[in-house]
Structure formats: structure tokens, C-alpha cells
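Protein chains in written order, with our numbering: chain S, 35 to 106; chain Z, -5 to 308.
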Amino acid sequence: MRAYHACMLVQLSHPTRTVEVKGPKKVKDLLRDLHLVVEAHLVIRGEELVTEDEMISDKDRIEIRPVISGGS
Amino acid sequence: MNCTKCKSKAVIKLPRHHAAFCKSCFNGFVHDQVARAINSQKMFCEEDRILVAVSGGKDSLALWDILLKLGYKADALYVNLGIGRYSERSQDKVRQFAGTTAAPLGSALHTHTVQQEEGAGIRELSMLVHRPTCSACGTIKRYQFNRAAIEHDYDVMATGHNLDDEAARLLGNVLHWQEEYLDKQGPSLPASVEGFAKKVKPLYRLTERELAAYCVLNRIDYIVEECPMAQGARTLLYKEVLNRLETESPGTKQTFYWGFLDRQKKESTRQTMTEKDQTVLRPCATCGQPTTAEVCSYCKLMVKAKATTPHVGR
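1. Mind checking if Asp87(S) is an interface residue toward chain Z, Cβ cutoff 8 Å exclusive?
2. What does Asp159(Z) reach in chain S if we use C-beta pairs closer than 8 Å?
3. Could you check if Arg257(Z) is buried or exposed, using at least 16 other CB atoms within 10 Å of its CB as the buried criterion?
4. Between which residues of its own chain and Thr95(Z) is the CB-CB distance below 6 Å, once the five residues before and five after are set aside?
5. Quick one: does Thr229(Z) have its CB under 8 Å from some CB of chain S?
6. To which residues of the same chain is Ala185(Z) closer than 7 Å at the C-beta, ignoring the five residues directly before and after it?
7. Starting from the beta carbon of Ser47(S), find every residue of chain Z whose beta carbon is closer than 9 Å, and list them in chain order.
8. What number of angstroms, rounded off, separates the C-alpha of Leu45(Z) from the C-alpha of Gly104(S)?
9. Out of Cys221(Z), Ala114(Z) and Arg163(Z), state which residue places its alpha-carbon closest to the alpha-carbon of Lys298(Z).
10. Helix, strand or coil, according to DSSP, for Tyr198(Z) in the structure here?
11. I want to verify the contact list: residues of chain Z whose CB lies under 9 Å from the CB of Ile78(S), in sequence order.
12. Measure the alpha-carbon distance for Gln61(Z) versus Ala68(Z) and round it to whole angstroms.
13. Out of Val108(Z), Thr286(Z) and Ala279(Z), which has the shortest C-alpha to C-alpha gap to Thr273(Z)?
14. Determine whether the Cβ of Met121(Z) lies closer than 8 Å to any Cβ atom of chain S.
15. Identify each residue in the segment 229 to 263 of chain Z for which the Cβ-Cβ distance to at least one residue of chain S is less than 8 Å, and report them in chain order.
16. Would you call the segment 60 to 80 of chain S in contact with the segment 89 to 96 of chain S, where contact means no fewer than 3 C-beta pairs closer than 8 Å?
17. Using the beta-carbon of each residue, which ones in chain S are nearer than 8 Å to Ala206(Z)?
18. Against Glu82(S), what residues of chain Z qualify as contacts under a CB-to-CB distance less than 8 Å, listed in chain order?
19. Using a Cβ cut-off of 8 Å (strictly closer), state whether Val55(S) contacts chain Z.
20. Got a sec? Which residues, its chain only, sit under 6 Å from Leu119(Z) by beta carbon, not counting five neighbours each side?
21. Between Ser182(Z) and the rest of its own chain, which residues show a CB-CB distance below 8 Å, the 5 nearest in sequence each way excluded?
22. Since Met42(S) is in the alpha helix (DSSP H), which residue starts that stretch and which ends it?
23. With Leu76(S) and Arg99(S) assumed to form a contact (beta carbons below 8 Å), what rounded beta-carbon distance in angstroms separates them?
24. For chain Z, check one thing: does any of its Cβ atoms lie closer than 8 Å to the Cβ of Val72(S)?
25. Over the uninterrupted alpha helix (DSSP H) stretch that includes Ile134(Z), give me the two end residues.
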């Protein structure tokens, strides 16, 4: 069972880590606060994609997934 | 935010198209963009046998999925480059997709392992020949995919290069005025000489973000972690810069790359790529694949690696 958190848990990649963020707030504000560019990330609540105007709250489990890849 | 087409709840916003879509309409949008790419660039037809180059990443697995859903005969090739646990995990993703989605639709997966074929993985090979890993990796993959397409008699080879890949590559080539590479930046390269498979990029109209969203929405499990060898690669910097521009001015990436393709098309007086290839390419003295030199870059790489370490290239 998940322990009670007064903040939302946000999972980030590269490197993999979890940060706590105080909600509620809009997705686009969450990305801005974390200095992340919308075009380079997807925001996933549980298993569902959410748009930038969606409001997310402290009870939500959020993954911010980077979409950029490639070398050379 | 509601879907521009059906007015139900949207799951993704696409500023460059002034649109937002629900899952169903987004899938329709993605399939439509790929169909437009295939038809407008005359990439292949329904009867053609396609070999998809898969890596376990979002783009190539999405491409395999889309081609099968559009009804094409698409098999795939995975090249295990020997990058430790990263290669193991990416191969697992490919196997899983092949077993659960592709095989039931009659599609086959081929696998090549560089370590088995050449006696060393990409890390060791690139160190032995003192070349950046991504550069050696590109040479090895191009060789392996072309060889497999020719040996298994596929009509065309398809890669998962997307709009971000092509715009970043174009930016790099323009910044360094590498004009000789611009000819090869089109999404459809002909089988210009004996031994060269036709190569196409059906995802050139879609961004990385759209393809990642397609995978998430359709539960396609891909390797999210970045290749450890690609850290610090120049391409990633170009993509970052382009994404900052795209955020401020939606449509920048497509205007840049599609505009380049339009200009390339208008230059009709120039020699065609096939004519040009036929004048400069000849069979490699070692392996027979087309090359501009006496010996192709893959064989040169292996000769150099073998000279340094006897167990390589046995």
C-alpha cells in the first residue's frame, strides 16, 4: 500500500528518479517548474496520457517520459 | 481539451497541426501520415515484401506495428550490437512485440548478433578502430540491414527515422556545409546499383513525441532508456535546440525538413540519385556490397579491428 504523501510523486528518467511536487497544478506548469520542454516529453498519469491543460493533484502517480533518442 | 475531430476528451495536443486528438482519432492521424508518406514518395506497394530495421525503441516498433495494421507484408531484423544489458533489454522488447503482435499477423523476426559474427561487440570494435561508437554503429547497422535485405530478397528496407531525426541531421549537415550528404537526406533512396536495397523512411512526417505517444496509447512496450553509447552525441544537442524552437514556434521542424525536400524535388535538372550512384559506386573488393572506395567502410573497420586484436573477425 502506498504511504500517504502530501505531494504528488513524479517519476523522471535519464537518470531514473522520483521527485515530490506540491499539487494541484496544470501539466504545463509542472513541466515549466521542472524546466522541461513540452515537445520533448510525454506526461502519463497512471497509464494514461494527459494533455498540457489537464489539472493533476497530490493523489496522482505521474511519469514524465522523455521522447528524445538517437546518436551519431 | 477536446478532440478536434470527434469532440471527446483529447489525450494529446499537436500545436503544429492546430489540433488535439483522442486515442482513436490520433491513431487515425498517425496511420494517415504514414500512408501519405508511403504514397507521396512511392516507397512501396501492397505486394512488396518489406524488411523493417528494429531496435526495441519506440520508432521502429511503432513503424512495424503501423505497417502491419495498414496491411503490408512487413518482417523485421534486429541487430544485437553487444552493448551489455542495454542490448539484452532492447532485444527482449523486440522479441515480446514479435511474439505477441507480429507473429499472429504472419510476420517474421530475423536476428543478427555482431559479437557472434565478428567476435566483438560495438564497444570493443569502436575502441579498436578509434572511431566514435555512434559512427561505427551506423556503419555496422547499414551493412547488416542492407545485406539481410538483399540475401532474403526483400523489395525494400524501412527504418524508423522520424521528423526529429531528419531535421536534426539536416541541421548538422547545413551547419557544417556537408553538401555531399544532402542528396541522401530524402525519405526514399533507390536501389540504384546491384547489391543495394531500396531504403525508405515512412515516419518522416511524424515527430518523436507523436511516436512515443502512439506506443503509450497502443501499449507497445519499448525501451525508454537512452543508449549508453549515445550520451553527449551531437544529434541530441541539435534535437534539443530544434525542440526549443518548436515550442516557441510550432511547425518549425516540419517547415525546415519538408521545405528542404520541396527544394530538392524542384532541382529537376540535376543528375538523378540513381545516375549519380551508378557513376561513383562499385562492388567492394572484399564483400561485394556497393561502395565508393576499393573496400567498403564495414570491411575496412573489420580489417583494422582484426589487425589490432586477432579474435575479431574470425
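Even glycine gets a Cβ: it sits at the ideal position worked out from N, Cα and C.
So, to answer that:
1. yes
2. Gly104
3. exposed
4. none
5. yes
6. Ala191 and Lys192
7. Val218, Glu219 and Glu220
8. 21 Å
9. Ala114(Z)
10. coil
11. Val210
12. Here the sequence assigns Leu to residue 61(Z), which means Gln is not the residue at that position. Taking the straight line from one Cα to the other gives about 7 Å.
13. Thr286(Z)
14. no
15. Thr229, Leu230, Lys233, Glu234, Asn237, Arg238, Glu240 and Thr241
16. yes
17. Leu76, Arg99 and Val101
18. Val5
19. no
20. Ala130 and Ala299
21. Gln35, Lys36, Met37, Lys192, Lys193, Val194 and Lys195
22. Premise fails: Met42(S) lies in the beta strand (DSSP E), Met42 to Leu46, not in any alpha helix (DSSP H).
23. 5 Å
24. yes
25. Thr127 to Glu145
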